[in-house]
Amino acid sequence: MSIREECGVFGVIATEPADVASMAYYGLYALQHRGQESCGIVVSEDGVFSSHKDLGLVNEVFTKDILNRFPKGSMAVGHVRYGTTGGTNRINCQPIEVNHQKGTMALAHNGNLSNAADLRNELELNGAIFHTTSDTETIAYIVTRERLKTNSIEDALSNAMKVLDGAYSLVLMSPRKLICARDPYGFRPLCYGKTADGIYVVASESCALQAVGAEFIRDVEPGEILVFSQNGVVSRLEHCNTKEKKLCIFEYIYFARPDSIIDGVSVHGARIRAGEILAKAHPVDADVVIGVPDSGLDAALGYSRATGIPYGIGLIKNKYIGRTFISPGQDARLDKVRIKLSAVEESVKGKRVVMIDDSIVRGTTSGRIVKLLREAGAKEIHVRISAPPFLHPCYYGTDIDSEEHLIACHHTVEEIREMIGADSLGYLPVEELGGLIGNEDYCSACFSGKYPTAIPTDTRKNRFEQKLSETQKRNEEERGN
């Protein structure tokens, strides 16, 4: 069991034909931290869609030759994926493309529907045939079904939002419009901006706007639908203020890039405040404060500022290795820790070290990092975590789907300290999470167990693959009889 990112979405619309594929490429490159399994881009040229999708990182999937094959177009939609529903294979790559009676559609989704299984079952009973095992196809089916009954794609999306439950930030492209929407809880971030040339850009994070030279305009509001066309931008607010806002707090702790601003709050600033809160909650006499790259660095700086203990560079990250959480298995994760991180002996040798990290899941990775510091000569190692202990599954786009492998569910803080080999261990108090962003408009269900929506009856990530396998087995048995 390990934590993984969810996904990143990107959209662009221009008033004149432009190299929108390259803009999507650079936008997705800036969002690579949100998903490293697969990626895809769909370009619209006068309503004709061209696409390329595959497993791999953005710069692996989109070579120069492939990008040159895209025509100049007026719109593009892009996606980077780590799947929280559905397996890692090419059929689950996004954006999903749909050809239906009233036209074509490309859809990119960040999040996870908490009622995906119920919706899919209903659709299948009414004759729908699914080609993927992701909940994004469920959204595409419902939007398409509503489009056959409505006068516009935005009306269809609005109707679909009435039955979707859970987390979804969407970018949708029709032949003439680019549309984005954020679920009424606002679980996942979404924002938009505009370039000096008048090109509108939509992205999961503001860092992607900067990457393509777009000026940030604002965040998409929870429940809001934005319709971009050659006539400008229209905001639809019929789903706004229908739910209490619940942005995922882990966006600030771990997921988002530190240079992003989400719902008016700097991610870098939130992590600094996490370190300051940790310093007050778990002070210790030490000689140096270090952070585990990347998301632990800002919190370490905050801890240092609050305590006066000098900040140092104690761990160096190999930038050519993906996050350890993306490893396919336990053995690979263990190997990657040493490949990915190395200790700076000069910073830690003979010193009492405060090591700041963003989370502990199994404890295996934390134990390996502590061991690295011991081998580099650290005299004491005091581990501080800029998040509370993980105690519950997440159903909104973070890959925490079982309590079985969460170390904090089965061991006390003292037991975890001993297991990872630290001299002391302290977590961010769950009641202090609001201090990171200055309000209480967040979801902390993975820490507190307080879920904004109903809990799904089947929480397996591969539940649709399992269902398909069970159906095939049953059909084979029936043919045998």
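Residue numbering for the sequence shown follows the numbering used here, starting at 15 and increasing by one per position. By construction, the Cβ of each residue, glycine as well, lies at the ideal position given by its N, Cα and C atoms. Please read all numbers here as calculations on a predicted model, not as lab measurements.
Next on the checklist: Helix, strand or coil, according to DSSP, for T152 in the structure here?
Outcome noted: helix
Checklist entry - Alpha carbon to alpha carbon, what distance is there between Y268 and G316? => result 15 angstroms
Next on the checklist: Within the continuous beta strand (DSSP E) that includes E418, where are the two ends?
Outcome noted: Element bounds for E418: n/a, residue is neither H nor E.
Next on the checklist: Please classify D211 as buried or exposed, where buried requires at least 16 neighbouring CB atoms within 10 angstroms.
Outcome noted: exposed
Checklist entry - If we count the other Cβ atoms within 10 Å of its Cβ and call it buried at 16 or more, is H145 buried or exposed? => result exposed
Item to check | Burial state of L163, where buried means 16 or more other Cβ atoms lie within 10 Å | outcome: The sequence shown places Lys at residue 163, not Leu. Exposed, since its Cβ has fewer than 16 Cβ neighbours within 10 Å.
Item to check | Residue nearest to A44 in terms of C-alpha spacing, selected from S438, A468, A228, A295 | outcome: Minimum Cα distance to A44 is reached at A228.
Next on the checklist: Does the contact criterion of 3 or more C-beta pairs under 8 angstroms hold for the segment 157 to 172 versus the segment 221 to 237?
Outcome noted: no
Checklist entry - How big is the Cα-Cα spacing for T426 and L439? => result 11 angstroms
Item to check | Limits of the unbroken alpha helix (DSSP H) element including E169 | outcome: The sequence given here has Asp at residue 169, not Glu. From DSSP, the alpha helix (DSSP H) with D169 extends over 167 to 175.
Item to check | Beta carbon of S52 nearer than 9 angstroms to that of M119 | outcome: no
Checklist entry - Which runs of the alpha helix (DSSP H), 4 residues or longer, sit entirely within the segment 267 to 327? => result 281 to 295, 309 to 321
Item to check | Through-space distance from S356 to I330, alpha-carbon basis | outcome: 5 angstroms
Next on the checklist: Checking the sheet assignment: what are the DSSP bridge partners for F404?
Outcome noted: Paired residues: none, contrary to the question.
Checklist entry - Applying the criterion that 16 or more other CB atoms from any shown protein chain within 10 Å of the CB defines a buried residue, is E265 buried or exposed? => result buried
Item to check | Chain-order list of residues whose beta-carbon lies under 7 angstroms from that of K222 (same chain, five-residue window excluded) | outcome: As written in the sequence, residue 222 is Ala, which differs from the Lys given in the question. Correct list, in chain order: F24, G41, A44, L45.
Checklist entry - Are R190 and S243 touching if we call contact CB-CB under 9 angstroms? => result Yes, these two residues count as a Cβ contact at 9 angstroms.
Checklist entry - So does the segment 280 to 291 actually touch the segment 61 to 69, counting three or more Cβ pairs closer than 8 angstroms? => result no
Checklist entry - Between which two residues does the beta strand (DSSP E) containing N124 stretch? => result Its beta strand (DSSP E) spans residues 117 to 127.
Checklist entry - Taking just the CA atoms, how far does I383 sit from P307? => result 11 angstroms
Next on the checklist: Which complete alpha helix (DSSP H) runs does the segment 23 to 96 hold, if anything under 4 residues is left out?
Outcome noted: 34 to 44, 72 to 75, 78 to 83
Checklist entry - From Y456 to S183, what does the alpha carbon distance come to, in whole angstroms? => result 16 angstroms
Checklist entry - Are three or more beta carbon pairs between the segment 138 to 155 and the segment 203 to 218 nearer than 8 angstroms? => result no
Checklist entry - Quick one: Cα of V72 to Cα of V94, how far? => result V72 and V94 have their alpha carbons spaced roughly 8 angstroms apart.
Checklist entry - In whole angstroms, what separates the C-alpha of T29 from that of A122? => result 22 angstroms
Next on the checklist: Please report the straight-line C-alpha distance between A130 and A392, rounded to a whole angstrom.
Outcome noted: 49 angstroms
Next on the checklist: With DSSP as the reference, identify every bridge partner of G180, one or two as the case may be.
Outcome noted: DSSP, once it has assigned bridges, lists L127 as partnering G180.
Next on the checklist: Helix, strand or coil for S462? Go by DSSP, reduced to three states.
Outcome noted: helix
Checklist entry - Among residues of its own chain, excluding the 5 on either side of K487, which ones have a beta-carbon nearer than 7 angstroms to its beta-carbon? => result Bear in mind that the predicted position of K487 carries a pLDDT of just 46, short of 50, making it unreliable; the figure below should be weighed with that in mind. The answer is none, since no qualifying residue turns up.
Item to check | E429 (DSSP reduced to helix, strand or coil) | outcome: helix
Next on the checklist: Going by DSSP, what residue range makes up the alpha helix (DSSP H) through L450?
Outcome noted: Here the alpha helix (DSSP H) through L450 covers 448 to 451.
Item to check | Rounded straight-line distance, which links the Cα of N255 to that of Y199 | outcome: 9 angstroms
Item to check | Strand pairing of D413, partner residues [DSSP] | outcome: D413 is not bridged to any residue.
Checklist entry - Roughly how many whole angstroms lie between the Cα atoms of V216 and R431? => result 43 angstroms
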